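Single-structure report; data block below.
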Ligand code: ADP
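In the working numbering, the protein residues as written are 228 to 853.
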């Protein structure tokens with residue numbers, strides 16, 4: 228046998244396992260049984276198309292064996308086995324999907340966290356074993372391979388004898404210590420109950436030879452022992468059980484293990500359908516956003532089974548993009564086992580199922596919104612952005628599905644639905660007001676927001692880039708149009724104020740035109756009465772708002788090419804600055820130009836618009852000081 232070293236990462240992980248103070252060491256059994264089941268899946272799956280593989284489905288099994296004298300626990304399967312190369316790559320390196328940050332020190336508290344959070348596969352066996360021997364043989368291969376290790380010092384690898392195909396893992400259980408009774412893993416009852424607890428739904432039988440006692444023939448009170456082979460798991464997949472048979476904890480455990488999440492789901496959804504499509508679905512809403520969720524690495528999809536046998540790990544066609552965060556399983560007897568991916572895409576039955584699943588998710592989200600507001604808000608914080616993208620994407624064809632599921636921050640501090648907004652609208656109010664900005668704080672600084680709020684109206688605060696685009700796609704809700712309070716169409720002034728405004732703007736047309744030319748970046752300058760105590764603000768005319776322009780500018784490749792908003796500089800008519808400007812127009816036009824630029828810069832600052840020429844601005848300011 229050849230001696231080899233573990234890769235650095237594997238070594239650290241191993242070290243963590245060996246010295247672990249993790250209290251749920253028992254999970255090692257679940258990990259090994261799952262690996263065995265996956266290996267059988269692989270071979271079974273292959274056998275569907277490879278006529279050289281002749282194994283009846285009923286012949287697949289996982290075996291557990293306890294040898295108390297040798298202190299070993301053996302887990303074997305008749306799955307796909309591993310070639311010498313596979314053995315080396317699979318067990319010599321650890322490549323857990325992005326879950327480990329090996330930069331942290333081996334602090335035990337954090338180790339516990341990692342083990343608990345991610346479940347760590349094969350290496351977890353080192354929590355209970357001080358030596359592990361793996362013998363494995365691929366179906367149809369001539370040679371078998373052995374892998375053996377006592378931990379961090381490395382492993383040995385070579386050829387060995389093994390009659391049957393599949394994999395056999397022998398765990399040499401650690402001696403008991405004061406803190407830890409490792410011998411429990413050599414106890415039949417303990418192992419039996421662990422299988423029930425974690426691996427009951429495994430679809431292949433987990434068999435073990437159990438010791439039984441029976442009264443001895445002819446002699447009263449005396450017993451004799453005999454052994455019997457039993458299947459320990461019920462093999463009914465968890466999604467096939469009725470919801471009343473399964474505890475919340477079992478669902479949570481299943482979810483965490485299956486979808487590599489450290490947190491229990493925020494909601495479990497079960498569905499059984501026997502109409503146009505016969506299927507069972509078990510769906511989960513994760514409690515938090517996966518780290519790669521909003522990247523192209525994230526793959527949406529549900530696991531697809533045909534009568535309990537997996538046919539696809541991530542069937543993307545079962546979920547619309549906007550519900551892409553849902554994890555889970557769909558099992559249908561309507562689908563053929565041998566169906567190819569290409570055919571599946573066009574399968575009518577699959578489309579029917581996808582539609583029904585989508586409807587179910589929507590209904591469940593609506594229910595949650597009604598019955599569990601806190602839970603819904605926490606869900607929304609994790610995935611709400613996706614729903615808002617859903618409204619905006621595909622030219623808005625899904626907007627009606629999603630419009631009642633989205634929440635927005637409101638000026639009264641709460642997250643609210645559009646329905647809640649319209650229901651609370653004042654009698655004379657005909658429009659839904661919103662304002663957009665990077666943060667709530669910045670939005671609240673906008674002069675127009677201050678003004679509309681002070682008149683007693685509620686405003687939706689849009690802080691996500693997609694928000695305003697989504698509202699534009701919606702256009703209106705319940706017959707009420709959306710109005711950006713920083714777009715000039717919103718005018719809540721009284722008739723008198725409007726008249727005063729018009730008069731002043733008409734009589735100052737030359738002044739305003741002069742200022743516009745001096746600034747050179749706005750489509751108009753005007754006086755307004757809608758600004759409370761603020762001096763100036765920016766607003767926009769036409770389709771594109773100032774905030775939308777900012778967002779479009781940020782898009783990759785948009786530099787310079789992004790469409791521009793028609794920006795209006797509004798000046799508070801009731802502020803002393805108004806009179807000052809009129810005065811300067813008569814006495815000192817050069818100074819007026821400078822003031823115009825300064826006022827525009829102020830308006831930009833308060834709207835969070837980048838100043839194009841900070842040098843000019845600082846010079847103008849300094850000039851004022853000296
Ligand atoms: P994971 O199962 O998450 O990939 P593990 O560390 O548990 O990680 O296992 C590493 C790899 O070793 C598996 O992906 C699989 O390819 C292989 N493996 C483990 N156990 C078995 C087994 N019983 N039969 C065949 N291959 C196995």
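Here a beta-carbon is modelled for each residue, glycine too, at the ideal position from N, C-alpha and C. What you are looking at is a predicted structure, and each value in this text was computed from that prediction instead of being measured.
Between the ligand ADP and residue 350, a heavy atom-to-CB distance of less than 8 Å is present. C-alpha of residue 231 to C-alpha of residue 266: approximately 25 Å in a straight line. DSSP, reduced to helix, strand and coil, places residue 636 within a strand of the structure shown. For the ligand ADP, no non-hydrogen atom lies closer than 8 Å to the CB of residue 581. Secondary structure of residue 831 (DSSP, three-state): helix. The alpha-carbon separation between residue 476 and residue 445 amounts to approximately 48 Å. Out of 668, 655, 703, 700, the CA that lies nearest to the CA of residue 682 is found in 655.
In the pairwise beta carbon analysis, the stretch 355-370 is classified as touching the stretch 389-409: at least three pairs are separated by under 8 Å. When secondary structure is reduced to three states using DSSP, residue 250 falls in the coil class, being assigned neither helix nor strand. Under the three-state reduction of DSSP output, residue 688 falls in the strand class. The Cβ-Cβ distance between residue 400 and residue 387 does not fall below 9 Å. The C-beta separation of residue 454 from residue 433 comes to about 17 Å, leaving the pair out of contact by the 8 Å criterion. Here DSSP, grouped into helix, strand and coil, assigns residue 549 to helix. Looking at the DSSP output, residue 412 shares a beta bridge with no other residue.
Between the stretch 305-320 and the stretch 410-424, the count of C-beta pairs closer than 8 Å stays below three; the two stretches do not touch.
Rounded to whole angstroms, residue 587 and residue 576 show a C-alpha spacing of 17 Å. By the Cβ-count criterion, residue 560 is exposed, with fewer than 16 other Cβ atoms from all chains shown falling within 10 Å of its own Cβ.
Spatial neighbours of residue 307 in its own chain (CB-CB distance under 6 Å, excluding positions within 5 residues in sequence) are listed in chain order as 266, 269, 270.
Remark: the shortest separation between the CB of residue 304 and any heavy atom of the ligand ADP falls under 8 Å. As the crow flies, the alpha-carbon of residue 734 is around 13 Å from that of residue 812.
Here the alpha carbons of residue 803 and residue 785 stand approximately 40 Å from one another.
A direct Cα-Cα distance of roughly 11 Å separates residue 521 from residue 609. Burial is judged here by how many other beta carbons sit within 10 angstroms of a residue's own beta carbon; residue 511 has at least 16 and is buried. Nearest to residue 523 by C-alpha distance, out of 509, 504, 304, 548, is 548. Around the C-beta of residue 260, 16 or more other C-beta atoms lie within 10 Å, and the residue is accordingly described as buried. Judged by DSSP in its simplified three-state form, residue 453 adopts strand. The stretch 625-639 makes no contact with the stretch 709-720; the number of CB pairs closer than 8 Å stays below 3.
Residue 553 is positioned such that its CB atom lies no closer than 9 Å to that of residue 582. Around the beta carbon of residue 463, fewer than 16 other beta carbons sit within 10 angstroms, so the residue counts as exposed.
Residue 558 is positioned such that its CB atom lies no closer than 9 Å to that of residue 514. Counting C-beta atoms within 10 angstroms of its own C-beta, residue 256 has 16 or more neighbours from the protein chains shown and is therefore classed as buried.
About 6 Å separates the beta carbons of residue 350 and residue 241, which is inside the 8 Å limit, making them a contact pair.
Distance from the C-beta of residue 318 to the nearest heavy atom of the ligand ADP is below 8 Å.
Straight-line measurement puts the Cα of residue 244 at about 10 Å from the Cα of residue 238. Secondary structure within the stretch 727-796: the alpha helix (DSSP H) runs of 4 or more consecutive residues, fully enclosed, are 736-746, 773-781 (chain order).
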